[in-house]
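Undergrad:
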Amino acid sequence: MVVDEVASPANVQEAMAFLKRRPDALPWAGGTLLLSDDQSWPKKSSVSILDLHRIADFRHVHRSDRHLELGSMVSLSTLLALPKGSLLGPLRPAAMQLGTQALRNLATLGGNIASRWRFMTCFAALSCMDAAVELRDSGGVHWKGIHELVGQDGRPSIPMATLLTRIRLPLAEWDSIATRPLGMAVFPQQGAATFCACARYAKGVIADLRIAIASTVLVRLREIETTLAGKRLPLSRKDVESFCSSLALATRELSGDDSLAEHAAVMSAAYLYHDAEYLT
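For reference, each letter of the sequence shown is one residue, going 0 to 279 in numbering that gives the first Met the number 0.
Put into C-alpha cells, the structure is as follows:
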C-alpha cells in the first residue's frame, strides 16, 4: 500500500476541509492499532492520512455535574491519570488492559473506539456506561449514543468521512465492576475479546445490571438484563443459567465463534454467582 497524501491540520476546520476533499482519508491518532494490525488498513492500493496530533481541542477534558467529556485524542495514560473521583467506572480497568505504559501513552480513547473491523478494549465498558460520542461530518456536529456505532449485525459501523471528536461519559457510581479479557488472546491478536459487567444494588436487590461482550462483534442484551433487575441476591441457579444461556446464544449467532460464546457464559456466571453474592 502507498500513502499518497498526508495532512496535519492545526484545527478542526482544516481537518474537515481535508476530509471533504478526501472522504476516504484514514484518521491517525496514536497510531497504535494501525501499526500493529494490518486489517485496520483499507483494502486498496493507496491511502491518504489525516494526522490529528496538532488539534488541541481533541485533547480537552471537561467535567460537568452530569457528564465527563473527553476529547478523542486523550491518551489512555491521561485517562488513567484522572483523579479517582472522576467516576470512570469500568473504563479505568478497561484502559489498563491495553499493553504497556509506553503503549498507553500513545493510544487514544478515540482510536480505541474507532476501529472499523473489531471492537477494542474500551468498547464493552463504554457500552455498559451508555456513553455518547460527538461525530463531525460535512453536515455538521452530531451527538450519538455509543451503540449507534454498532451495525445490525453487531459489528463496527463507523461512518466514512467522519471524525470522532469527543466522548461523553455519564457520571455514575457502581457497586460492582468487572472488566476482564475473554480467552487467551490479547490485543492486537486475532480473537481478542473483552468482558465487562457493572451492577448497582439496593438492600440486597439488583437495581441495575449491565453486561457486554466485545470482540469482532458487540453483544449486550438489555432485555435479559432487565429480567434480573429487582431480583434478590444471591441469584437462583435458574436465573443465572437462563441469563448465561441467552448471552451465549446471542454471542454465537453474531460471532459464529463457539469458544467466545462459551467464555462469555462462563465469565457471566462467575460474575453473577460470586461478585454479586459477595456484596450482599
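Using N, Cα and C, we set each Cβ at its ideal position, and we do this for glycine too.
Among the candidates SER126, PRO169, LYS143, VAL149, whose CA atom is the shortest distance from the CA of ALA253?
TA: It is worth fixing the name first, because residue 253 is Leu in this sequence and not Ala. When only C-alpha atoms are compared, the closest one is VAL149.
Undergrad: For CYS121, name the three-state secondary structure that DSSP assigns.
TA: coil
Undergrad: Beta-carbon within less than 7 Å of LYS283's beta-carbon, same chain only, minus the 5 sequence neighbours each way: which residues are those?
TA: As displayed, the chain neither begins before 0 nor continues past 279, which places residue 283 out of reach and without an answer.
Undergrad: Measure the Cβ-Cβ separation of VAL216 and ALA263 and say whether it is below 8 Å.
TA: no
Undergrad: Does DSSP put GLU172 in a helix, a strand or coil?
TA: It is coil, neither helix nor strand.
Undergrad: Note down, in chain order, each residue of its chain lying with its Cβ closer than 6 Å to the Cβ of ARG154, except the 5 sequence neighbours on either side.
TA: Beyond the five residues adjoining it in sequence on each side, ARG154 comes within less than 6 Å, by CB distance, of VAL216 in the same chain, given in chain order.
Undergrad: Buried or exposed for MET72, going by 16 or more other Cβ atoms inside 10 Å?
TA: buried
Undergrad: Do you know offhand how far GLY171's Cα is from HIS66's?
TA: Note that residue 171 corresponds to Ala in the displayed sequence, not to Gly. Those two C-alpha atoms are separated by around 9 Å.
Undergrad: Assess contact between the segment 89-100 and the segment 46-61, defined as three or more Cβ pairs (one per stretch) separated by less than 8 Å. Is contact present?
TA: no
Undergrad: What is the rounded straight-line gap between the Cα of THR164 and the Cα of PRO89?
TA: 21 Å
Undergrad: State yes or no: is the C-beta of SER175 within less than 8 Å of the C-beta of ALA160?
TA: no
Undergrad: Which residue comes first and which comes last in the beta strand (DSSP E) that contains VAL238?
TA: It is Asp, not Val, that sits at residue 238 in the sequence shown. From DSSP, ASP238 is part of no beta strand (DSSP E) but of the alpha helix (DSSP H) over 236-254.
Undergrad: Quick one: Cα of ASP256 to Cα of GLN12, how far?
TA: 43 Å
Undergrad: If you follow the alpha helix (DSSP H) that ASP257 is in, where does it begin and where does it stop?
TA: 257-269
Undergrad: I'd like to check one pair, LEU79 with ARG62: are the Cβ atoms closer than 8 Å?
TA: no
Undergrad: Buried or exposed, going by whether 16 or more other CB atoms sit within 10 Å of the CB of ALA124?
TA: buried
Undergrad: In three-state DSSP terms, what is GLU276?
TA: With a pLDDT of 46 at GLU276, under the threshold of 50, the predicted position of this residue should be treated as unreliable, though the coordinate-derived value follows. GLU276 falls in the helix class under three-state DSSP.
Undergrad: So THR193 and THR120 are supposed to be a Cβ contact under 8 Å. How far apart are they, rounded?
TA: Correct: roughly 6 Å between the Cβ atoms.
Undergrad: Is ASN111 buried or exposed, if buried means 16 or more other CB atoms sit within 10 Å of its CB?
TA: buried
Undergrad: Note the first and the last residue of the continuous alpha helix (DSSP H) segment covering PHE57.
TA: Neither: PHE57 is in no alpha helix (DSSP H) and is coded neither H nor E.
Undergrad: In three-state terms, what does DSSP make of GLY153?
TA: coil
Undergrad: What does a CB cutoff of less than 7 Å around VAL239 pick up in its chain, not counting 5 residues either side in sequence?
TA: ALA268, LEU271, TYR272
Undergrad: For PRO26, is the classification buried or exposed, using 16 other Cβ atoms within 10 angstroms of its Cβ as the cut-off for buried?
TA: buried
Undergrad: Look at the alpha carbon of LEU108 and the alpha carbon of LEU248, and state the distance between them as a whole number of angstroms.
TA: LEU108 and LEU248: Cα-Cα distance of roughly 30 Å.
Undergrad: How long is the line joining the alpha carbons of SER156 and SER235, rounded to whole angstroms?
TA: 37 Å
Undergrad: According to the Cβ coordinates, are CYS195 and ALA184 closer than 8 Å?
TA: A distance of 8 Å or more separates the beta carbons of CYS195 and ALA184.
Undergrad: Just the C-alpha distance for ALA260 and THR250, rounded to the nearest angstrom, thanks.
TA: 5 Å
Undergrad: Anyone know if the C-beta pair for ARG115 and SER214 falls short of 8 Å?
TA: no
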